[in-house]
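Protein chains in written order, with the working numbering: chain A, 1 to 325; chain B, 1001 to 1431. We put the CB at the ideal spot given by N, CA and C, even for glycine.
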């Protein structure tokens, strides 16, 4: 069966305007709205696999990618999403320029706001930075990662990847493993997955789990084999190599031995288990290449593909809420 | 210049020294309290008296705030001694102790002298400097405590910075103790608090904020208690903030150790959830704690375990606050909201009024040896007349302080200062 990509009118019809002006947290959405966004994204997946990938839904709109932290996949994913929808996309990485001259986030925001963008996509190293920015600008703000707080579009693309692999998210057992403490991906995923009815476990050494994490509505495990026992999805998190300092974990080799995912440990998961990773991976630290590269098990490439489609859905939905004067 | 003698009649007098809370009158002459009449009116007042009918408003000693940061010298756009003094007068605060973490640091009698000279020129409220405990607040070499005390410093402290080296702390306590100088110290383990901007909890974890456990305060306080036991010197615990360190304090008190403690009005009024969506006005040092900790702090204030309440006034302009939470400056202004915020604890029925007033008048006066803070004939006529029931909406934009970083912005409080007198002279009067 050939699946045909939806046309612009069809997409417009199916788009539910985003419930808020900004997309800062997965808690801005309810399960119905998430379902609608993922459905919309499915259409974009088909579109993105065609030769003609453009749909002029955001024609005339300006999207600014404001990345205070280095990023390859998220930034290019938002850029491609914007361009495929016909928006003008500007990438800014203020790390090297004005910020070092003493310009604050707010100064930058006010400057950019004066250029009349429609959507600002921001990544910043401080928790709450996207929320702060949203209070000072007139356009829509999309949080592409704020410190250790949230990365909501990542959680959406992860749920889309799971839904496509299993046909549902509800009822899946998902083990999120590794450095949960410093991970915005983990926070957004815990919130979204529990909202969608998945059973979530977090697995890692106590030094890399947040205080009172059990009260997030998740099961907590310190042993990887135990934590992924019977899991449908094993989501590995990146271990920042600087965590070796400050006595969080002793060494890469010990970390890999105890919390790195290899074939032997993966055998404890449910049959048909799928492995995910938000990237970039530290091969041989949190995940063995043998597992990461096995397309029968790994969803890592799908995650990247879903990233563009989900961001197109988010942009379309946000734009549908924008003023159309 | 002598000011006109004043007689307050029909007031609700609160005298923390005698414990009197009831109707009465007070006569002030030549800058001093001349007479206090419980339950009645003064007789035979001559023509030149200014008679003020308090109409049931509270008359108590002017507040003494042991922890005020200004920006002078070094950061005058944040706050000058004059703007702080005007804010204090408006808030019913008649004596302030300024912190030594200025630029230059008050670690030298000359800087203390500068502060006192400026305060004399401004002439609104009493300003006393606290001297640095260590040179340049570096936590290593002892500052000239004796000379600074002679110059007028009322206690020594390294302000927000903990004195990490236990040997330095021990020697400091022993040395200052022998000179009769009070040492204040904010207990915080430097490693557990490194980089933290919130209290470790489910909330901070969800918000992705780097956090410190309450144990950081308990550990350092336990060390300080052991050093007090070793040296026998007096210690003022600066801004105790949680239930666990309060338990340590209670045990130390039970052993009869000479330790007093302050709490900031912010930690008595807010908990960590007030940070909400990364409100930087609620970023404080120590960080706001859990609600259980706040309630324990209130209980400790009611029981007298916590002796003193401070405003922890710390001005920060928008450019220091309008930043992502982890980058924003900590601290809140508080001189103008100290009294109404404190009165909330009375209106909510949590702490008796006389006990609250004691914690901001007589208790701090005794800690640093001032004759103010009481309604006794011969005491300085530092007074505040306050309508404790008058409702008000705190609007940060209307604060007198040069910085408007008030976590009380938008809060409804009760308590309007009608008049503030310093040495018998009116320094603030509400319209």
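Check: With distances taken from CA atoms, which of 1005/B, 1283/B, 1363/B is nearest residue 1209/B?; Outcome: 1283/B
Check: Run through DSSP, which three-state label would residue 252/A get?; Outcome: helix
Check: Taking the C-alpha atoms as reference points, what is the distance between residue 1170/B and residue 1007/B?; Outcome: 49 angstroms
Check: Along chain B, in chain order, which residues have C-beta atoms closer than 7 angstroms to that of residue 210/A?; Outcome: 1205
Check: What residues in its chain sit with their C-beta under 8 angstroms from that of residue 1432/B, if we drop five residues either side in the sequence?; Outcome: The structure shown does not extend to residue 1432/B, since chain B spans only 1001 to 1431, so no value can be given for it.
Check: What number of angstroms, rounded off, separates the C-alpha of residue 1203/B from the C-alpha of residue 1382/B?; Outcome: 43 angstroms
Check: Please classify residue 267/A as buried or exposed, where buried requires at least 16 other C-beta atoms within 10 Å of its C-beta.; Outcome: exposed
Check: Are there 16 or more other CB atoms within 10 angstroms of the CB of residue 9/A, so buried, or fewer, so exposed?; Outcome: exposed
Check: Would you call the segment 230-239 of chain A in contact with the segment 170-181 of chain A, where contact means no fewer than 3 C-beta pairs closer than 8 angstroms?; Outcome: yes
Check: Would you please verify whether the beta carbon of residue 66/A is less than 8 angstroms from any beta carbon of chain B?; Outcome: no
Check: Would you call residue 3/A buried or exposed, if buried means 16 or more other Cβ atoms sit within 10 Å of its Cβ?; Outcome: exposed
Check: In angstroms, rounded to a whole number, what distance separates the CA positions of residue 58/A and residue 320/A?; Outcome: 9 angstroms
Check: Residues in the segment 139-156 of chain A with C-beta within 7 angstroms of chain B's C-beta atoms, listed in sequence order?; Outcome: 147, 148, 149
Check: Using only the heavy atoms of the ligand GDP, determine whether one of them is closer than 7 angstroms to the beta carbon of residue 1224/B.; Outcome: By its list of ligands, the structure shown contains no ligand whatsoever, and the ligand GDP lies outside what it can speak to.
Check: DSSP three-state label for residue 318/A, please.; Outcome: helix
Check: For residue 1369/B, count neighbouring C-beta atoms within 10 Å of its own C-beta (all shown protein chains included) and say buried if the count is 16 or more, exposed if not.; Outcome: exposed
Check: Between the alpha carbons of residue 35/A and residue 1074/B, how many angstroms are there, rounded?; Outcome: 57 angstroms
Check: Using the beta-carbon count (16 or more within 10 Å), is residue 1256/B buried or exposed?; Outcome: exposed
Check: If you draw a straight line from the alpha carbon of residue 1001/B to that of residue 1077/B, how long is it in whole angstroms?; Outcome: For residue 1001/B, the predicted structure reports a pLDDT of 46, less than 50, and the residue's modelled location is therefore unreliable. The matter cannot be settled from this model.
Check: Establish whether the CB of residue 1211/B and some CB of chain A are separated by less than 8 angstroms.; Outcome: yes
Check: Alpha carbons only, please: which of 17/A, 163/A, 105/A is nearest the one belonging to residue 137/A?; Outcome: 105/A
Check: Measure the alpha-carbon distance for residue 1132/B versus residue 140/A and round it to whole angstroms.; Outcome: 49 angstroms
Check: Hey, is residue 1422/B's beta-carbon within less than 8 angstroms of any beta-carbon in chain A?; Outcome: no
Check: Measuring alpha carbon to alpha carbon, tell me which of 165/A, 190/A, 47/A ends up nearest residue 302/A.; Outcome: 165/A
Check: On a CA-only basis, which of 1221/B, 1423/B, 1355/B, 1394/B is nearest residue 1377/B? Give me that one, please.; Outcome: 1423/B
Check: Measuring alpha carbon to alpha carbon, tell me which of 1274/B, 1106/B, 1345/B, 1219/B ends up nearest residue 1128/B.; Outcome: 1106/B
Check: For residue 1305/B, does the count of other Cβ atoms within 10 angstroms reach 16, so buried, or fall short, so exposed?; Outcome: buried
Check: Helix, strand or coil: which one does DSSP assign to residue 265/A?; Outcome: helix
Check: List the residues of chain B whose Cβ lies closer than 7 angstroms to the Cβ of residue 308/A, in chain order.; Outcome: Chain B residues near residue 308/A: none, gap ~26 angstroms exceeds 7 angstroms.
Check: Does the segment 1321-1338 of chain B come within contact of the segment 1050-1070 of chain B, defined as at least 3 CB pairs closer than 8 angstroms?; Outcome: yes
Check: Taking buried to mean at least 16 other C-beta atoms within 10 Å of its own C-beta, is residue 1262/B buried or exposed?; Outcome: buried
Check: For the segment 212-233 of chain A, which residues have a CB atom closer than 8 angstroms to at least one CB atom of chain B, in sequence order?; Outcome: 212, 213, 215, 216
Check: Below 8 angstroms between beta carbons: does that hold for residue 1407/B and residue 126/A?; Outcome: no
Check: In the DSSP assignment, the beta strand (DSSP E) including residue 1385/B goes from what residue to what residue?; Outcome: 1383-1393
Check: Since residue 188/A and residue 150/A should fall inside the 8 angstroms C-beta cutoff, what is the C-beta to C-beta distance between them, to a whole number of angstroms?; Outcome: 5 angstroms
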